[in-house]
Amino acid sequence: MEPTLLSYDNNNNSNGCGNSDYENIITWFEDVSRNTGSVQTQILCNILKQNHGVEYLKKWLGNYNIFEMEPCALESLFTSLVPIASHADFEPFIQRISDGDTAPLLTQQPITTLSLRSLQFSFLSFSFWENLRFIIVVNISLYI
1 MEPTLLSYDN NNNSNGCGNS DYENIITWFE DVSRNTGSVQ TQILCNILKQ NHGVEYLKKW
61 LGNYNIFEME PCALESLFTS LVPIASHADF EPFIQRISDG DTAPLLTQQP ITTLSLRSLQ
121 FSFLSFSFWE NLRFIIVVNI SLYI
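In structure tokens, the structure reads:
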């Protein structure tokens, strides 16, 4: 069974007590916790498919039709081709973005703001940062 992301059920079957919502959340959390590997694989696949064609990923995944691949096969391909990245690997892309390049370099969503904090760039575009964080976390955790 593939776990799904938490969604709110508008059909309140809790007979006025609210327990159904609570039980649904507990059941969802237990299911996701039991299936962390498949959840992680699914999140990685979603991120890769949403950001297919960005310059950063093109050099490794550009010739593959990832939309036709099963999640486990895509995860295996990703871990075998895409190396663990450091901040230095992203530095040229960050510089291009700060120079005004609007091409899809790291994400398909536009990056609207870069902020300089403690002499390091931090990304204020939530969807970009979440996507990048998951790619890095998933990539690192698959090697551990």
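Numbering-wise, the numbering used here puts 33 at position 33 of the sequence shown, and it's gapless, one number per residue.
Using N, Cα and C, we set each Cβ at its ideal position, and we do this for glycine too.
These numbers were taken from a predicted model, which means no experiment stands behind them.
DSSP three-state assignment for residue 80, whether helix, strand or coil: Helix at residue 80.
Boundaries of the alpha helix (DSSP H) in which residue 62 is found, first to last residue: Taken as a continuous stretch (DSSP letters only), residue 62 belongs to no alpha helix (DSSP H), as it is neither H nor E.
When 90, 28, 41, 21 are compared against residue 54, the one with the closest alpha-carbon: Among 90, 28, 41, 21, the Cα nearest to that of residue 54 is on 90.
Contacting residues, own chain, Cβ-Cβ under 7 Å from residue 193 (five flanking each side not counted): Because the chain in this structure spans residues 1 to 144, residue 193 falls outside the shown range and cannot be described.
Per-residue DSSP class, three states only, for residue 115: Residue 115 falls in the strand class under three-state DSSP.
Proximity below 7 Å, CB of residue 107 to CB of residue 51: One thing to note: residue 107 has its Cβ within 7 Å of the Cβ of residue 51.
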